[in-house]
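Protein chains in written order, with the working numbering: chain A, -1 to 249; chain B, -1 to 249.
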């Protein structure tokens, strides 16, 4: 084949490829665990709210309520995810907020839910909560996986009652073993909290982000201290891992 | 075609598509201006330094010198770029720093270059500087594009003398017209500064990031205030645009 012909042939194939690209996620969903998971479709004018504890908070400016603002969103996975979504979808007029607060448990979220969730009227609500519920149980012997389940269930029920069409994202609480705060004594106790989040995601038809499993898998690529400083909070590389997992939850 | 046959046909096409995907960047490089640009190859143990003004600084913690740390890197394009590089290359043991400072011009960089660049011994040095050099000229009638060129040239010469193998990234100074600080009176004066950066990138074999051109093109996708609040500083969407351009400078 002459060079020009070869190039033309390539370009023709390319347009076939482009149409297949659109179809790829569907094809993958037959085999990949990741793509079998429920996905979120973003609509025009959607408001997206990130909720959780310090991992979500990550140094956001607590007194700022500005929309689509890096200082209000902090510098963790919420920023990485929001920046990508805003860049990708200028036509959607998305409004993105972060209301994560350090140390929060499910009971903490329940107390501030009217102001810090319902008042914002989110169309997409993302929640990462649970590691502090387990810490409180482990350290102070207060709470239990059962109380975590009941509280989290109430929170979601309340949200669904207020906004029946809300699109939910529920993330699996995670830790990274072998670092400052996390040793073997966390297991199997912590697994109950992971299981609760997974079951509630199923119950409420939420997109589920399997963070603990993803970080376990990431240990094949780099040691624990590459992904987290203390076992609880993600490093920059860890935040990018999280953000990529979030982005996969969107169509 | 029956459903099963159709599916098989689809899957067969899919494997063709996968091999085309690998070939895509190469094919693009024949035509795309973007991929013709010089690229940076990251090596094991590389230290990467982001230098510049407020756009690079973007709310980093000035008293922290920690490596690969989101608070030390801020929440702008440097964070987005560093997080992605760290996630992508765990095996490379990259060390990433940000030393951008608000309001800086080339003369400011020259003053603090020993401490804030040479002492860090970067293998990869990224510089975005120039918009304040132009502001000083426009507002206070101090400096000129010629002085910007001479100072920037000295800075690069000094860096190359200290580290002959350094890999350089030079970004085009940019503004977004029609917002708070930037009106038509900026042009054509500001273009001289863009041109200087481009020519110095060529002279020093640097990867060049054509930010101003990219933001001009982005106006086809969304209005000016989607990409910047004031015409000088990028929004979250704008920071992602910048970061994607930076990432394209790496092999």
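Using N, Cα and C, we set each Cβ at its ideal position, and we do this for glycine too. Just so we're clear, the structure is a prediction, and the values are computed from it rather than from any experiment.
(message) What would DSSP say about residue 178 of chain B, mapped onto helix, strand or coil?
(response) On the second chain, residue 178 of chain B is found 180 positions in, with the first residue counted as 1. The answer is coil: DSSP assigns residue 178 of chain B none of H, G, I, E or B.
(request) To the nearest angstrom, report how far apart residue 41 of chain A and residue 84 of chain A are at their CA atoms. (result) Along the first chain, one-based indexing puts residue 41 of chain A at 43. Along the first chain, one-based indexing puts residue 84 of chain A at 86. Near 13 Å, if we compare the C-alpha coordinates of residue 84 of chain A and residue 41 of chain A.
(request) Pull up the distance between the alpha-carbon of residue 46 of chain B and that of residue 124 of chain B, whole angstroms please. (result) Taking the second chain and counting its residues from 1, one reaches residue 46 of chain B at position 48. Taking the second chain and counting its residues from 1, one reaches residue 124 of chain B at position 126. Rounded to the nearest angstrom, the two C-alpha atoms are 8 Å apart.
(request) Have a look at residue 86 of chain A and residue 172 of chain B and give me their C-alpha separation to the nearest angstrom. (result) Against the first chain, residue 86 of chain A aligns to sequence position 88. Against the second chain, residue 172 of chain B aligns to sequence position 174. The straight-line gap from Cα to Cα measures roughly 21 Å.
(message) Would residue 102 of chain A and residue 71 of chain A qualify as a contact pair, given that the criterion is a beta-carbon distance under 8 Å?
(response) Numbered from its first residue, the first chain carries residue 102 of chain A at position 104. Numbered from its first residue, the first chain carries residue 71 of chain A at position 73. It is not a contact, given that the beta carbons lie outside the stated cut-off.
(request) Below 8 Å CB to CB, which residues in the same chain sit around residue 198 of chain B once its five sequence neighbours on both sides are set aside? (result) Along the second chain, one-based indexing puts residue 198 of chain B at 200. Correct list, in chain order: 147, 150, 151, 154, 168 and 204.
(message) I want to see whether chain B comes within less than 8 Å of residue 84 of chain A, judged by CB atoms only; does it?
(response) Taking the first chain and counting its residues from 1, one reaches residue 84 of chain A at position 86. Yes, its Cβ sits closer than 8 Å to a Cβ of chain B.
(message) Closest to residue 159 of chain A by C-alpha separation, out of A:187, A:189, A:202 and A:185, would be which residue?
(response) Residue numbering aside, residue 159 of chain A sits at position 161 when the first chain is read from its first letter. Answer by Cα proximity: A:202.
(message) Please report whether the beta-carbon of residue 224 of chain A lies at a distance below 8 Å from any beta-carbon of chain B.
(response) If you number the first chain from 1, residue 224 of chain A lands on position 226. Closer than 8 Å: yes.
(request) Step through the CB atoms of chain A and report whether any lies within less than 8 Å of the CB of residue 96 of chain B. (result) Within the second chain, the letter at position 98 stands for residue 96 of chain B. Not one chain A Cβ lies under 8 Å of residue 96 of chain B.
(message) Quick check: the Cα distance between residue 99 of chain B and residue 175 of chain B, rounded to an integer number of angstroms?
(response) The count along the second chain starts at 1 and reaches residue 99 of chain B at position 101. The count along the second chain starts at 1 and reaches residue 175 of chain B at position 177. Residue 99 of chain B and residue 175 of chain B: Cα-Cα distance of roughly 23 Å.
(request) Inspect the beta-carbon positions of residue 190 of chain B and residue 143 of chain B and report whether they are closer than 8 Å. (result) By one-based count along the second chain, residue 190 of chain B stands at place 192. By one-based count along the second chain, residue 143 of chain B stands at place 145. Contact: yes.
(request) List the residues of chain A whose Cβ lies closer than 9 Å to the Cβ of residue 239 of chain B, in chain order. (result) Position 241 of the second chain, counted from the first residue, corresponds to residue 239 of chain B. Within 9 Å Cβ-Cβ: 85.
(request) Compute the distance between the beta-carbons of residue 209 of chain B and residue 182 of chain B, then report whether it is under 8 Å. (result) Against the second chain, residue 209 of chain B aligns to sequence position 211. Against the second chain, residue 182 of chain B aligns to sequence position 184. No, Cβ-Cβ distance for residue 209 of chain B and residue 182 of chain B is not below 8 Å.
(request) Specify the secondary structure class of residue 50 of chain B as computed by DSSP and reduced to three states. (result) As a working mapping, residue 50 of chain B is identified with position 52 in the second chain. Looking at residue 50 of chain B - three-state DSSP - the assignment turns out to be strand.
(message) Do residue 61 of chain B and residue 130 of chain B have their beta-carbon atoms positioned less than 8 Å apart in this structure?
(response) To locate residue 130 of chain B, count along the second chain from 1; it is residue 132. To locate residue 61 of chain B, count along the second chain from 1; it is residue 63. Against a cut-off of 8 Å, the Cβ pair of residue 61 of chain B and residue 130 of chain B comes out as no contact.
(request) Classify residue 120 of chain A as buried or exposed, calling it buried when 16 or more other Cβ atoms lie within 10 Å of its own Cβ. (result) Position 122 of the first chain, counted from the first residue, corresponds to residue 120 of chain A. Buried, by the Cβ-count rule.
(message) DSSP three-state label for residue 232 of chain A, please.
(response) Sequence index remark: in the first chain, residue 232 of chain A carries index 234 (1-based). Residue 232 of chain A falls in the strand class under three-state DSSP.
(request) Count the other C-beta atoms from every protein chain shown that fall within 10 angstroms of the C-beta of residue 187 of chain B, then say buried if there are 16 or more, exposed otherwise. (result) Here residue 187 of chain B refers to the residue found at position 189 of the second chain. Flag for residue 187 of chain B reads exposed.
(request) Tell me whether residue 122 of chain A sits in a helix, a strand or coil according to DSSP, three-state version. (result) Translated into the one-based positions of the first chain, residue 122 of chain A becomes position 124. Residue state, collapsed to three classes: strand.
(message) Between A:94, A:110 and A:180, which has its C-alpha nearest residue 136 of chain A's C-alpha?
(response) As a working mapping, residue 136 of chain A is identified with position 138 in the first chain. Cα-wise, what sits closest to residue 136 of chain A is A:180.
(request) Under the assumption that residue 241 of chain A contacts residue 234 of chain B (Cβ atoms under 8 Å), give the Cβ distance between them as a whole number of angstroms. (result) For the purposes of this step, residue 241 of chain A is taken as the residue at position 243 of the first chain. For the purposes of this step, residue 234 of chain B is taken as the residue at position 236 of the second chain. In fact, because the Cβ distance is near 13 Å, the residues do not count as touching under 8 Å.
(request) Leaving aside the five residues before and after residue 94 of chain A along the sequence, list all residues of the same chain whose C-beta is less than 6 Å from its C-beta, in chain order. (result) The residue given as residue 94 of chain A occupies position 96 in the first chain. The answer, listed in chain order, is 46, 66 and 80.
(request) On a CA-only basis, which of B:56, B:74, B:48 and B:37 is nearest residue 239 of chain B? Give me that one, please. (result) Position 241 of the second chain, counted from the start, is the residue given in the question as residue 239 of chain B. For residue 239 of chain B, the nearest C-alpha among the options comes from B:74.
(message) Is residue 217 of chain A close to chain B? Criterion is C-beta to C-beta, closer than 8 Å.
(response) Position 219 of the first chain holds residue 217 of chain A. Judged by the 8 Å Cβ criterion, residue 217 of chain A is not in contact with chain B.
(message) Tell me the rounded alpha-carbon separation between residue 89 of chain B and residue 163 of chain B.
(response) Locating residue 89 of chain B in the second chain gives position 91, where the first residue counts as 1. Locating residue 163 of chain B in the second chain gives position 165, where the first residue counts as 1. Cα to Cα, the separation comes out at about 22 Å.
(request) Could you have a look at residue 245 of chain A and say whether DSSP puts it in helix, strand or coil? (result) Walking along the first chain from the start, residue 245 of chain A turns up at place 247. Residue state, collapsed to three classes: helix.
(message) Tell me the rounded alpha-carbon separation between residue 104 of chain A and residue 53 of chain B.
(response) Counting from one through the first chain, the residue named residue 104 of chain A turns up at place 106. Counting from one through the second chain, the residue named residue 53 of chain B turns up at place 55. One C-alpha to the other measures close to 37 Å.
(request) Report yes if the C-beta distance between residue 97 of chain A and residue 245 of chain A is below 8 Å; otherwise report no. (result) Stepping through the first chain from its first residue, residue 97 of chain A is reached at position 99. Stepping through the first chain from its first residue, residue 245 of chain A is reached at position 247. Not a contact, by the Cβ cut-off of 8 Å.
(message) Can you pull the chain A neighbours of residue 57 of chain B, defined as C-beta to C-beta under 7 Å?
(response) Walking along the second chain from the start, residue 57 of chain B turns up at place 59. The contacting residues are 69.
(request) Give the straight-line distance between the Cα atoms of residue 249 of chain A and residue 56 of chain A, rounded to the nearest whole angstrom. (result) For the purposes of this step, residue 249 of chain A is taken as the residue at position 251 of the first chain. For the purposes of this step, residue 56 of chain A is taken as the residue at position 58 of the first chain. Taking the straight line from one Cα to the other gives about 26 Å.
(message) Give me the chain A residues within the contact set of residue 220 of chain B, using Cβ-Cβ distance strictly less than 7 Å, ordered along the chain.
(response) Numbered from its first residue, the second chain carries residue 220 of chain B at position 222. Chain A residues near residue 220 of chain B: 88.
(message) Please state the DSSP three-state secondary structure of residue 161 of chain B.
(response) Within the second chain, residue 161 of chain B is the residue found at index 163, counting from 1. Reduced to three states, the DSSP call for residue 161 of chain B is coil.
(request) Assign residue 55 of chain A to one of three DSSP states: helix, strand, or coil. (result) If you number the first chain from 1, residue 55 of chain A lands on position 57. Note: residue 55 of chain A maps to helix in three-state DSSP.
(message) Check whether chain B comes within 8 Å of residue 102 of chain A, counting only Cβ atoms and requiring the distance to be less than that.
(response) Here residue 102 of chain A is taken as the residue at index 104 of the first chain, counted from 1. False, the Cβ-Cβ gap to chain B never drops below 8 Å.
(request) Report the three-state DSSP secondary structure of residue 99 of chain A (helix, strand or coil). (result) Numbered from 1 along the first chain, position 101 holds the residue referred to as residue 99 of chain A. Residue 99 of chain A: coil per DSSP, three-state reduction.
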